[in-house]
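This report concerns only the one structure given below.
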Amino acid sequence: MTDSEWTTLRPHPGSISLLQERRKFGPLGWNIPYEFNTADWGASCQFVQNHLDDVDPKKGISWTTVRYMLGEVQYGGRVTDDYDKRLLNTFGRVWFGEFMFADTFQFYTDYKIPKYKTMEDVMGFIEQLRLVDSPEAFGLHANADITYQTKMSTSVLETIMSIQPKDSGGGSGETRESVVYRLAGDMLSKLPPDYIPHENLRDALDNMFDARVPNLWRKISWQSSTLGFWFTELLERNEQFNYWVFTGRPDVFWMTGFFNPQGFLTAMRQEVTRAHKGWALDSVTLHNDVIKAFKEEITCAPPEGVYVYGLCLDGAGWDRRNCRLCESPAKVLFTPIPVVHMFAINSTAPKDPRLYQCPVYKKPNRTDLTYITFIVLKTTQSPDHWILRGVAALCDIK
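Below, the structure written as structure tokens:
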């Protein structure tokens, strides 16, 4: 192997920069913000060097070995989330192969591997690089920058709010106590009369004044960015369960309205299994179809399984006519998808590799605690494209 080829094959410093920079885009970049560092890069370079020293010239480079060591060991050893591991291995597939020796290979437009021999040429190449990289350079959609800017703005505003005095009235002259009293009265007037006041009022007072969900309420309910969103969701949840109890089983279910969506889907699997003689629950798996109709257009329940609604795509758009993924429109962060028909099949065979396995989360913060399941979505592009985009379905975008 020539020096030029070794320079090309060696894990490029741009790779660690890309992995690090994706963190600023929040869950679109990584579900968990990992601390990749130069030690990972150095260990990867040493492995590649050792592999080249031991490789049989007649057989050539074992790309499967290279991708495994980089994606599962050197960098993958830090990754704990399954979907982050899938993303990392996807980078391995699109970065490391015989194709990287071609002159046309680029990480992204104008992001090539420099093959210069002098320091002056290398420095000239560096000087031509952009000071601020676009989200597309990291495999993301341009809308990801809106997510980043929103995150930074929210952080600044929360910091300002946290240092505001709470012991006096605002510019309107209304005192802190009167603001909370008015808000509490408005909320209580809309609730059933059997809610019992709790002794821990100080925390509730402080949080309600800041339009936040009191800690005790959040512990026994769900996460929400503001008190207004939380209360609206409380009313909507009560409406769904009230209809179910006193009217009958809904034709379509609001996925966000369940404390335990996984349990709901498991119960559906059990229901389908019992309806088919000879089916065993261990061999019955979830499957889905995204139909063209939205909730308002549903007039009856499906023959088998359930209809669910309320999911939004993060990182991609939805082609309703063809029922498949598409690129997000400019400045549109979340795209509602139509009703999803969730059903069960008596098969444990792998899903069609041409479909994108889209993870579904309860909230925008993508963790193991908020993960529900995955749904398969049609696409005309490679599923790897959407993996790099960080595409997921969210039950709640607030």
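Heads up: the sequence shown runs through residues 720 to 1117, numbered per the numbering used here. Glycine included, C-beta positions come from ideal geometry on N, C-alpha and C.
Query	Result
Classification of L1113 by the beta-carbon crowding that lies within 10 angstroms, buried from 16 upward	buried
The region 858-868 touching the region 1018-1036, judged by at least three CB pairs closer than 8 angstroms	yes
Option nearest V765 by Cα separation, candidates F755, P776 and V785	Note that residue 765 is Gln in the sequence shown, not Val. Nearest option by C-alpha distance: V785.
Closest by C-alpha distance to V971, when choosing among E1016, R988 and S944	E1016
Presumed contact (8 angstroms Cβ cut-off) between L984 and T1092, rounded CB distance	6 angstroms
Chain-order list of residues whose beta-carbon lies under 6 angstroms from that of L1030 (same chain, five-residue window excluded)	I1056 and A1112
Span separating the alpha-carbon of S672 from that of E877	Lying before the first or after the last residue shown, residue 672 is absent from the chain, which here runs from 720 to 1117.
Close beta carbons around F844, own chain, < 6 angstroms, minus the five adjacent residues each side	P833
Beta-carbon contacts of V898 that lie in its chain and below 7 angstroms, excluding the five residues immediately before and after	F928
V1059: first and last residue of the uninterrupted beta strand (DSSP E) it sits in	V1059 to I1064
Buried or exposed (CB count within 10 angstroms, at least 16 for buried), T1054	buried
Inter-stretch contact at 8 angstroms, needing at least 3 Cβ pairs: the region 786-806 / the region 823-832	no
Exposure of T799, with buried meaning 16 or more beta-carbon neighbours within 10 Å	exposed
Touching by the beta-carbon criterion (3+ pairs, under 8 angstroms), the region 983-1000 and the region 1058-1072	yes
In chain order, each beta strand (DSSP E) run of at least 3 residues that lies wholly inside the region 912-987	971-973
Nearest to D925 (by Cα), restricted to the options V1009, T894, C1042 and F818	T894
The region 1071-1091 touching the region 1102-1110, judged by at least three CB pairs closer than 8 angstroms	yes
Pair within 9 angstroms by beta-carbon distance, V746 and N961	Looking at the sequence shown, residue 746 is not Val but Pro. Not a contact, by the Cβ cut-off of 9 angstroms.
Local Cβ density within 10 Å of L907, reported as buried at 16 or more and exposed below that	exposed
I1091 in three-state terms, based on DSSP	strand
Cross-strand partners of F1053 (DSSP beta bridge)	D1033
Three-state secondary structure (DSSP) of A1020	coil
Per-residue burial, D840 [other beta carbons within 10 Å of its own, 16 or more giving buried]	exposed
Helix, strand or coil at A1111 according to DSSP, with G and I counted as helix	strand
Endpoints, alpha helix (DSSP H) assigned at T680	The structure shown does not extend to residue 680, since the chain is modelled only from 720 through 1117, so no value can be given for it.
Closer than 8 angstroms: E958 CB and nearest the ligand HEM heavy atom	With respect to the ligand HEM, the structure shown offers nothing to examine, as it has no ligands at all.
Pair within 9 angstroms by beta-carbon distance, G811 and L789	yes
R937 versus E896: straight-line alpha-carbon distance, rounded	22 angstroms
Identified DSSP bridge partners for D1008	H1060
Distance between beta carbons of L1000 and M1061, contact taken as under 8 angstroms	With 8 angstroms as the limit, M1061 and L1000 do not qualify as a contact, their Cβ atoms being about 16 angstroms apart.
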